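In this text, residue positions in the sequence shown follow this note's numbering: the first is 153, and each later residue adds one. All C-beta atoms, glycine included, are put in the ideal place defined by N, C-alpha and C. Remember, it's a predicted structure, so these values are computed and weren't measured experimentally. Down below is the structure, laid out as structure tokens.
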Amino acid sequence: MSETHAGQLDAAYPADGNQRRWSGLLSLTGLVLALSIIGAGISGYLTYVHFDDSVLVCSASGGCHTVQESDYATIGPVPIALLGLGMFLTLAAISGARALRLGIISDDTATMAIWGMTLTGLLYYAYLVYVELFVLEAICQWCVATTAITVAIFAIESYRLRDALSIDEDALID
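Shown next as structure tokens:
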């Protein structure tokens, strides 16, 4: 990644690692990691709720119960929340490896992978929001929270992707 805005935010944390490895958590990457962990927590809770509806905590409107008990809450026998949990855990693993500068994945590859996963997630969320609004006529606050978290991660990674894909004009002249 060229020395651009997102790169500069993480540039204070040397890639050679050990000296300030943990300081990578105080960057955009650390924010994506934190959001991913929160998303995994919510998705894990909703997965648990799928198997024990009595633990569902919902606002007064009760839309969560309607959404969680609908046919749209699963794909075959697999709860949608379990797919969300898998996505957020994968995002957390990639972000954690990038934040700790473990060398497992390059910054650019991590950015593209996270961006692609969150884009795919958002496209599916768009379908689910349509179903909530126009088919079930009920809104699940937990589903809205995971959608908002995914939007935030997507926005951060879009910013980073823009920088990763930018052309260094000075390098072209040389």
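Using a Cβ-Cβ cutoff of less than 6 Å, which residues in the same chain neighbour I291 once the five nearest sequence positions on both sides are dropped?
By one-based count along the sequence shown, residue 291 stands at place 139. Once the five neighbours on either side are set aside, the close Cβ partners of I291 are G215 and E284.
Have a look at the DSSP bridge pairing and note the partners of V230.
Translated into the one-based positions of the sequence shown, residue 230 becomes position 78. I227.
Proximity of T302 and L274 at Cβ, strictly below 9 Å
The residue labelled residue 302 in the question sits at position 150 within the sequence shown. The residue labelled residue 274 in the question sits at position 122 within the sequence shown. Using a Cβ distance threshold of 9 Å, T302 and L274 count as a contacting pair.
Cβ neighbour criterion (16 or more within 10 Å) applied to R250:
As a first step, residue 250 is located in the sequence shown; it is residue number 98 there, counting from the start. Looking at its Cβ environment, which holds 16 or more other Cβ atoms inside 10 Å, R250 is buried.
Pair within 9 Å by beta-carbon distance, G191 and T261
Residue numbering aside, residue 191 sits at position 39 when the sequence shown is read from its first letter. Residue numbering aside, residue 261 sits at position 109 when the sequence shown is read from its first letter. Going by C-beta atoms, G191 is not nearer than 9 Å to T261.
Grab the span of the alpha helix (DSSP H) containing R94 for me, first residue to last.
No answer is possible for residue 94: the residues shown for the chain start at 153 and end at 326.
By alpha-carbon positions, which one of A245, I194, Y282 and C210 ends up nearest to M269?
Taking the first residue of the sequence shown as position 1, residue 269 is located at position 117. Distance from the Cα of M269 is smallest, within the candidate group A245, I194, Y282 and C210, for A245.
Considering Cα atoms alone, identify which of R253, G196, V219 and C210 is closest to G236.
Within the sequence shown, the letter at position 84 stands for residue 236. Closest in alpha carbon position to G236, among R253, G196, V219 and C210, is G196.
Which residue from C295, F240 and V219 puts its Cα closest to that of F306?
For the purposes of this step, residue 306 is taken as residue 154 along the sequence shown, with counting starting at 1. With distances taken between CA atoms, F306 lies nearest to F240 out of C295, F240 and V219.
Take V184 and list the residues in its own chain whose beta-carbon comes closer than 6 Å to its own, dropping the five residues that flank it on each side.
In the sequence shown, residue 184 corresponds to position 32, counting from 1. If the five residues before and after V184 are omitted, its C-beta is found closer than 6 Å to the C-beta atoms of S247, I305 and I308, all from its own chain and listed in chain order.
What does the Cβ neighbour count give for Y282, buried or exposed, with the cut at 16 atoms within 10 Å?
The residue given as residue 282 occupies position 130 in the sequence shown. Classification for Y282: exposed.
Using a threshold of 9 Å, state whether the C-beta atoms of I227 and L243 are closer than that.
In the sequence shown, residue 227 corresponds to position 75, counting from 1. In the sequence shown, residue 243 corresponds to position 91, counting from 1. Not in contact: I227 and L243 (Cβ atoms no closer than 9 Å).
Anyone know if the C-beta pair for E221 and D204 falls short of 9 Å?
Taking the first residue of the sequence shown as position 1, residue 221 is located at position 69. Taking the first residue of the sequence shown as position 1, residue 204 is located at position 52. Not a contact, by the Cβ cut-off of 9 Å.
Please identify the residue among H217, S179, L252 and S188 whose C-alpha is closest to the C-alpha of Q293.
Residue mapping note: residue 293 aligns to position 141 of the sequence shown, counting from 1. For Q293, the closest of H217, S179, L252 and S188 by C-alpha to C-alpha distance is H217.
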